[in-house]
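Worksheet: one structure, shown below.
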Amino acid sequence: MPNLLTLLPTLGPVALILAGLVCFRNPGLRPGRALAASRFASLFAMVAALGTIGVLIAFGPGDGMVIGSGWFALGDRIDPLSTSLFTLIAFIGVIVLQYSRNYLDGDAAQGRFLGWMCLTLAAVMFLVLSGTLFQLALAWIATSLGLHKLLIFFKDRPAATVAARKRTVVARLGDISLIAAFALLVSAFGETQISAILAAAEAGQGSTSITIAACLIALAALLKSAQFPTHGWLIEVMETPTPVSALLHAGIVNAGGFLVIRFADVMLLALPSLWLLAFVGGVTALIGVAVMLTQSRIKNQLAWSTVAQMGFMLMQCGFGAFSLALLHIIAHSLYKAHSFLSSGSVIDAVRVPTTHGAYSRPDFSRFAVGAAAALTFYVGIGSLMGVQLTEKPGWMVFGAVLVLALARFMAKSLAAKSWAASVMRIGAASVALSALYFGLQIGAAWMVGDSLPAKAITSPVLVAMMIGFTVSFVLLMAVQHLPASIARTRFAEAMRIHTTNGFYANAMFNRLVGASRGQSKAV
């Protein structure tokens, strides 16, 4: 791969850094130069990302030009993982910065806000493009620093400063874990180039130091991606400007998933690290879904949904479904960024009259029939497309969660008056959605090629977790269809209150870190 072409992806974040400096020089109301610079830089980064795709297709994966040496070397890595996420971040960045022009119009510090947005986007791009441990660690810390400035943009909002304070504590713990992990990796492999470490891990065997390093990487990922019980800061960022919530999904809150996927070969040498990811991710996903269903505010629902989705993502990594986790990052980032930016229109949507009655209240028996029907379609389509449980257990488990969502539609169709026609329509939708699901997984596996390990993990501990979490999600969905006589009992009402409050984990975390309604401490 020609050295000059490997510099192409670097031009994107460099342009954003320059635009950020222009914005800081024009920090006030309707800063014309700042608006123009941020728009141009984001579009230029998008062009650089598309050009990087062309370089990857033409020359294949490779490392970019390295600046420096030893521990302090900087350099990019061009492969399907970095290129796909670089393009994703650039695309979301263009939209979020354009949205910010109107959202912050009239604010006295609009230019300063755009400046921190540009710098944070640049840090995330450097993160996913990292080809050396030093660049990854540097960009990892820089994303937290940029996010902190955005979280406290409205300093007169106490909830925002509390969220920033908790985020700072969690981020510093994650930084320490990551740096310690990298020190152990250098000690074990004698390399600072990420590609060399991954090649050695793929051909080598595990050791105590590698196991500890992998567990520390898993811990850093869990802390970065707002996993239970350190998730409190994420559900409180609703006090920040809406573009910040959307920007979170451009490689910041899901950076934990990227970290684990990047070091997948190392993680496979240390099963305890995968157990940690699968267990904490699964618990977080279960709690996140349960709490999300009890929230009344739109943005709170979206925040808890993100907590749950990050749990799903890391659980996928724990089960060894790395290509599936990458697809999850891309799909969830696009969906959730759109959801936050369009959250205001939901208020108008809910004003539309809805029809209530038996159709909207399926009972448990209808849910069971719907689940059985959707599962039959799902397994059949999976078999026809050559996906087997023994070969792709992670795919099948997360597809089963998809089936549960389909089961709710099936249950509603069975509750309708014209149930036969409804079942046929939902059945057809089940077949189409299952085919789309497996098709996307196959496409993602083809896209990453040999850059990610694809072997199935047969650890009895992970198999037990797969079964346990699948059953747990079945029970969680079934609880929503309990008879009214059970749903209205004192115990059920008490559980609903506890769930609505997130089982008070965030309140306990507030006490632990000494969070108050005062100003957030500096990073």
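Quick note on numbering: my numbering labels position 339 of the sequence shown as 957, and the sequence is numbered without any gaps.
Just so it is clear, CB atoms sit at the ideal spot from N, CA and C, and this is done for glycine as well.
Asked                                                                                                                               : Found
Cβ separation of Gly-682 and Gly-693, assumed to be a contact under 8 Å, to the nearest whole Å                                     : 5 Å
Simplified DSSP state of Thr-750, which is helix, strand or coil                                                                    : strand
Bounding residues of the alpha helix (DSSP H) (the contiguous stretch that carries Asp-883)                                         : 882-885
Bridge partners - Arg-695, DSSP secondary structure assignment                                                                      : Asp-681
Inter-residue CB distance, Ser-825 and Ala-806 (contact presumed, cutoff 8 Å)                                                       : 6 Å
Own chain partners of Thr-701 with C-beta closer than 6 Å, once the 5 adjacent residues on each side are dropped                    : Thr-670, Ile-671, Leu-674
One or two residues paired with Gln-811 in a DSSP bridge                                                                            : Thr-750
Straight-line gap, Trp-893 to Gly-646 (C-alpha atoms, nearest Å)                                                                    : 50 Å
Collapsed DSSP secondary structure at Leu-911 in the structure displayed                                                            : coil
Span separating the alpha-carbon of Ala-686 from that of Gln-811                                                                    : This sequence places Gly at residue 686; Ala is not what is there. Rounded to the nearest angstrom, the two C-alpha atoms are 12 Å apart.
Beta-carbon gap between Leu-895 and Ala-1062 smaller than 7 Å                                                                       : no
Segments assigned alpha helix (DSSP H), at least 4 residues, entirely inside the stretch 792-849                                    : 812-821, 826-842
Rounded C-alpha distance that separates Phe-1109 from Pro-861                                                                       : 40 Å
Length of the line joining the Cα atoms of Thr-1088 and Leu-866                                                                     : 28 Å
Segment contact, 8 Å Cβ cut-off, at least three pairs: the stretch 728-739 with the stretch 630-641                                 : yes
Proximity below 7 Å, CB of Ala-1123 to CB of Pro-847                                                                                : yes
Simplified DSSP state of Leu-629, which is helix, strand or coil                                                                    : helix
Classification of Asp-697 by the beta-carbon crowding that lies within 10 angstroms, buried from 16 upward                          : buried
Pair within 7 Å by beta-carbon distance, Val-746 and Leu-703                                                                        : yes
C-alpha gap between Val-878 and Pro-679, whole angstroms                                                                            : 19 Å
Residue nearest to Ala-992 in terms of C-alpha spacing, selected from Leu-1020, Val-1015, Gly-1004                                  : Leu-1020
Terminal residues of the alpha helix (DSSP H) in which Trp-689 lies                                                                 : Premise fails: Trp-689 is in no alpha helix (DSSP H) and is neither H nor E.
Contacts around Ala-1140, its chain only, beta-carbon distance under 6 Å, and the 5 residues preceding and following it disregarded : The predicted position of Ala-1140 is uncertain, since its pLDDT is 36 and thus under 50; a value taken from the coordinates is nonetheless stated next. Here the set comprises nothing.
At least 3 beta-carbon pairs within less than 8 Å: the stretch 825-837 vs the stretch 706-714                                       : no
Thr-624, DSSP secondary structure in three states                                                                                   : helix
Distance between Met-931 and Phe-937 (C-alpha atoms, nearest Å)                                                                     : 10 Å
Nearest neighbour of Phe-958, chosen from Gln-934, Ala-943, Trp-922, Phe-940 [CA to CA]                                             : Trp-922
Closest residue to Leu-942 among Ala-777, Met-928, Ala-955 (Cα-Cα distance)                                                         : Met-928
Range covered by the alpha helix (DSSP H) that runs through His-1116                                                                : 1108-1118
Cα-Cα separation, Ile-905 to Gly-1120                                                                                               : 8 Å
Spatial neighbours of Phe-744 in its chain, beta-carbon cut-off 7 Å, leaving aside the 5 residues before and after                  : Pro-631, Gln-753, Ala-757
Nearest to Ala-603 (by Cα), restricted to the options Ala-708, Ser-983, Arg-651, Ala-691                                            : Beyond the ends of the chain as shown, which are 619 and 1141, falls residue 603; an answer cannot be given.
Range covered by the alpha helix (DSSP H) that runs through Ala-949                                                                 : 940-959
Alpha-carbon spacing of Glu-854 relative to Ala-781, whole angstroms                                                                : 6 Å
Cα-Cα separation, His-950 to Leu-623                                                                                                : 30 Å
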